[in-house]
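Visitor: Protein sequence lines, in the order shown, are assigned to chains D, Y and V.
Each residue of the first sequence is one higher than the one before, starting from 1240 at the first, in the working numbering.
Each residue of the second sequence is one higher than the one before, starting from 1240 at the first, in the working numbering.
Each residue of the third sequence is one higher than the one before, starting from 1240 at the first, in the working numbering.
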Amino acid sequence: MSTDLKHIIEAQQFNREWLENELFPLAENMQEVVRLRRSKTLLKKRMISFFYEPSTRTRASFEIAMDMLGGRVVFSTENATQFSSVAKGETLEDTIRVLNRYCPDVIVLRSSNEGDARRAADVSSVPIINAGDGAGQHPTQALLDIYTIYKKLKKIDGISIAMVGDLAKGRTVRSLCYLLGKFKNIEIYFISPKTTRMRDDIKEYLKRHGVSFTEGSDLRKNIHQVDVIYQTRPQTERGTKFDLSEEARKLYTVDEDMLGIIREDAIIMHPFPRNLEITLEVDKDPRAVYLTDQIDSGLFTRMALLKMVICG
Amino acid sequence: MSTDLKHIIEAQQFNREWLENELFPLAENMQEVVRLRRSKTLLKKRMISFFYEPSTRTRASFEIAMDMLGGRVVFSTENATQFSSVAKGETLEDTIRVLNRYCPDVIVLRSSNEGDARRAADVSSVPIINAGDGAGQHPTQALLDIYTIYKKLKKIDGISIAMVGDLAKGRTVRSLCYLLGKFKNIEIYFISPKTTRMRDDIKEYLKRHGVSFTEGSDLRKNIHQVDVIYQTRPQTERGTKFDLSEEARKLYTVDEDMLGIIREDAIIMHPFPRNLEITLEVDKDPRAVYLTDQIDSGLFTRMALLKMVICG
Amino acid sequence: MSTDLKHIIEAQQFNREWLENELFPLAENMQEVVRLRRSKTLLKKRMISFFYEPSTRTRASFEIAMDMLGGRVVFSTENATQFSSVAKGETLEDTIRVLNRYCPDVIVLRSSNEGDARRAADVSSVPIINAGDGAGQHPTQALLDIYTIYKKLKKIDGISIAMVGDLAKGRTVRSLCYLLGKFKNIEIYFISPKTTRMRDDIKEYLKRHGVSFTEGSDLRKNIHQVDVIYQTRPQTERGTKFDLSEEARKLYTVDEDMLGIIREDAIIMHPFPRNLEITLEVDKDPRAVYLTDQIDSGLFTRMALLKMVICG
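1) Among D:T1387, D:I1506, D:C1342, which has the Cα closest to the Cα of F1539 of chain Y?
2) Grouping DSSP H, G and I as helix and E and B as strand, with all else coil, what is L1383 of chain Y?
3) What in chain D is Cβ-close to I1303 of chain Y, meaning under 7 Å?
4) Cα separation between D1333 of chain D and I1549 of chain V?
5) What runs of the beta strand (DSSP E), each 3 residues or longer, lie entirely inside the stretch 1432-1456 of chain D?
6) Compute the Euclidean distance between the alpha carbons of I1521 of chain V and V1528 of chain V, then round it to the nearest angstrom.
7) Is R1438 of chain V buried or exposed, if buried means 16 or more other CB atoms sit within 10 Å of its CB?
8) Given a limit of 8 Å on CB to CB distance, which residues of the stretch 1253-1284 of chain D reach chain Y?
9) Q1395 of chain D: which of D:A1381, D:Q1376, D:T1379, D:I1425 sits nearest, CA to CA?
10) Please report the straight-line C-alpha distance between E1292 of chain D and K1284 of chain V, rounded to a whole angstrom.
11) What are the residues in the stretch 1504-1516 of chain D lying within 9 Å of chain V by C-beta distance?
12) Beta-carbon within less than 8 Å of T1518 of chain D's beta-carbon, same chain only, minus the 5 sequence neighbours each way: which residues are those?
13) Closer than 9 Å, CB to CB, is T1295 of chain V near chain D or not?
14) Select from Y:D1355, Y:R1410, Y:H1246 the residue whose C-alpha is nearest the C-alpha of P1510 of chain Y.
15) Would D1344 of chain D and V1312 of chain D qualify as a contact pair, given that the criterion is a beta-carbon distance under 9 Å?
16) What three-state label does DSSP hand L1538 of chain D in the structure shown?
17) Between S1351 of chain V and chain Y, is the shortest Cβ-Cβ distance under 9 Å, so that the two count as touching?
18) What ranges does the alpha helix (DSSP H) occupy inside the stretch 1362-1419 of chain Y, keeping only unbroken runs of at least 4 residues that lie completely in it?
19) Among residues of its own chain, excluding the 5 on either side of R1436 of chain V, which ones have a beta-carbon nearer than 8 Å to its beta-carbon?
20) With 9 Å set as the bound, which would you pick, yes or no: does the beta-carbon of S1484 of chain D sit closer than that to a beta-carbon of chain V?
21) Determine which residues share a DSSP beta bridge with Q1470 of chain Y and list them.
22) Compare the C-beta of A1527 of chain D against all C-beta atoms of chain V and say whether one is closer than 9 Å.
23) Could you pull the start and end residues of the beta strand (DSSP E) that V1345 of chain D belongs to?
24) Contact criterion: CB-CB distance below 9 Å. Does T1379 of chain D meet it with respect to chain V?
25) Just checking: is the beta-carbon of M1307 of chain V within a distance shorter than 9 Å of some beta-carbon in chain A?
26) Between the C-alpha atoms of I1247 of chain V and L1262 of chain D, what's the straight-line distance to the nearest angstrom?
27) Looking only at its own chain, which residues have a Cβ that is under 6 Å from the Cβ of K1460 of chain D, when we skip the five neighbours before and after it?
28) Label A1319 of chain D either buried or exposed according to how many other C-beta atoms from any shown protein chain fall within 10 Å of its C-beta, with 16 as the threshold for buried.
29) What are the start and end residues of the alpha helix (DSSP H) that includes E1302 of chain V?
30) Distance check for S1350 of chain V and V1337 of chain D, CA to CA, integer angstroms please.
31) Would DSSP call T1316 of chain Y helix, strand or coil?
32) Indicate whether D1524 of chain V and K1390 of chain V have their beta-carbon atoms separated by less than 9 Å.
33) Check the C-beta distance from G1397 of chain V over to D1372 of chain V and give it rounded, since I have them as a contact under 8 Å.
34) Just verifying my parser: in three-state terms, what is the DSSP assignment at V1465 of chain D?
35) From the DSSP output, which residues share a beta bridge with E1426 of chain V?
36) The beta strand (DSSP E) with I1335 of chain Y in it runs from where to where?
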């Protein structure tokens, strides 16, 4: 599969072999590159960072990943919808075709419209990496999440995971489900208010792939059973309404009390940014990886992906 | 003329000899630089990219041109009107004087006010390149357009060109007329609705320079006669109102039907972004250069100009 | 003190010995680095330029300072409040912790909230440089101001200075007072309308440190006595209301008439941007340093600070 990895568009495009034999080992190597501060792997290679909507963290991690490998970000824009020809009616396809003529080796694209990454890839002879396309996918987040699990637990087959919070609109939990579907004996607990339950398309996908899952609305009931707690933020900017009463929050919040119940060898993840759903006392617990290994994995994974799409 | 080329302010400042003996040969060389991926011509040279208003394509092509020549973009801002001291009442002159102290080798300036590039040049000891000043000029667009014509047709004297669409507010057609006025036996067809006719100042300029032109309102009547079709976009954001009925659009749109009438050796240009005035079926026609040679010429021309103003 | 200089947070943190023995000599050296165009002092070092609110000049001078020393700006954002996870409720602390994982050698932080630089430093293992935190501090401006005085007058002890204009809300005059309090026999004239007088906290600080000061409302009465005229701009965007009548403006404006009264060896400073409080005829006077030495000092000072916090 590595031989035909041209674009990074959606979590579904990757299979288990590629993850285990290509991505994970290469991401592992990148840790050493970062320790040595910089490699020449992508010397003379050029990245265009084209963000139709802002995403500071994602843009930072891609641009720094490129730099770590010795490559150059030759153009970067952080709010192209407001700033560019888009305002004058240019189509995504025309924009991508024009950028292609500037001879980049990769275009990292962030958009607010589902399907844009696929449309861009269809007209681009330069590799496109989807850095999030609206309600669509954010595949590099899913890849860094599964790499984090692999790195910390040394396996993926057989793990149990609680996905908590805004499962209806949270893009990251959806993409992660696609990837978990490639592995064996996975057990998922979807923990959320009724209003933000995981949608049917994912549940059907999981059934088809033999992943067992259960739904609940009190994290405390299941948290002692799982290897991974994957917490998410209410997507209030996309219309999610969360009951923020003390009582309701207790059902979904990872706080100091929860730390006593969570297994010793479990890990606590969060795609960030976080609001109140993980309290600050949790940060220093060694099981909390959202501010350490998970962020690092983002850098290592993106470095690995850049190398793969640019060098083939 | 090359010896005193300090600033790039307006299309009128260039004469035929400079175009033919300086710009075109140097732009031609740049194609090879790009093919070899990077030169050291501008090693250690510094560019400031100062855009008071956004223009993604223009900024990208300048910043990438600088990088291709081995130079560095040491500072870039894409919306200085909103973001900078301008909001606190600073004059353009003060801003340029301050930027001069930071030791750049060139300042690429985009502004929304006609005449700003000239004002900036008046106080700058560092070369200023006008990357568009509102309703004023966009000289590097004019230079890349005429270089594209030269490159594809191998000559400029004696060509016939149809300029189509919003001729009243389109900055690029105006600047191109200035340059064409330097050559012999040019024939121009201005094709537009009555509401967006070419303005009198340009028509008088052309008369003074012996350029013959005619005005019409149906592209189909003249399209078979011309070497160049230069299509433009309605500047709706500047108040242009276009009749968008199917019937009206037929008069000005380059579509598949038109391809049968256009001469075999003609070229179809557009300064981009485009809306609906060139349909997508046209893109693959070899005569359509707006997504290929014309974009490339932008990169080569800007590389050439950077080298000229920085190295003298 | 240089041994424990980790973060640059506020003007108060520096003492006289550090200014005279560390900062000034190093800033002096940087002039030569700039003349030679680029050093390798910070080769392989990485800066993140994180501006929650726009400040074109400050961002430019830091990013160019980093480049002059051979370092790289690996990520830059100019309006993070609008663009980043902030909009989704992320705390400053979480943002800084995440940026820390990307292995920068320094984070230059601009914010609109007083105290943010301190909060950032509290969670950051990477040096933080405060590039302005709202109504709080802008310590690098204060440092460049005092270095400018030292450079031009060859001493700080014993100088007299008129601070003019919006003393209530002007952040730069406040910070400069903190630094002047470290020296001997300083004499300050605060010249302003009654509505924008220097606030009591600074006046008490000056008393405690034995700095003599007087308050007045007519620049013409004192301007002949001082070594330094430090002019400021009305902070109208923060609510300052200035009487802009001709008569009122005469009291505070440095214009051609004033030039006849100012001492031959005095210097005229302004933190910029300026509006009308220094007229354009003054610019060419050799005593006006606001467009020359003061801007240069900003670059040299920031280069020195970057070297100190990164290299220790």
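Glycine included, each C-beta is placed from N, C-alpha and C at the ideal position.
Fair warning: this is a prediction, and the values are worked out from it, not measured in the lab.
Guide: In this structure, then:
1) D:C1342
2) helix
3) V1313, F1314, Y1341
4) 44 Å
5) 1451-1455
6) Reading off the sequence shown, one finds Val at residue 1521 of chain V, where the question assumed Ile. If I take the Cα positions, the gap works out to 10 Å.
7) exposed
8) K1283
9) Before going on, a small fix: residue 1395 of chain D reads as Ile here, not Gln. Among D:A1381, D:Q1376, D:T1379, D:I1425, the Cα nearest to that of I1395 of chain D belongs to D:I1425.
10) 29 Å
11) F1511, P1512, R1513, N1514, L1515
12) T1492, V1493, D1494, E1495
13) no
14) Y:R1410
15) no
16) helix
17) no
18) 1378-1392, 1410-1419
19) L1406, A1407, F1429, E1454
20) no
21) Y:V1403
22) no
23) 1345-1350
24) no
25) Protein chains D, Y and V are contained in the structure displayed, whereas chain A is not.
26) 40 Å
27) none
28) buried
29) 1295-1307
30) 36 Å
31) strand
32) no
33) 32 Å between Cβ atoms; not a contact.
34) coil
35) V:S1399, V:S1451
36) No beta strand (DSSP E) contains I1335 of chain Y, which is instead part of the alpha helix (DSSP H) from 1331-1340.
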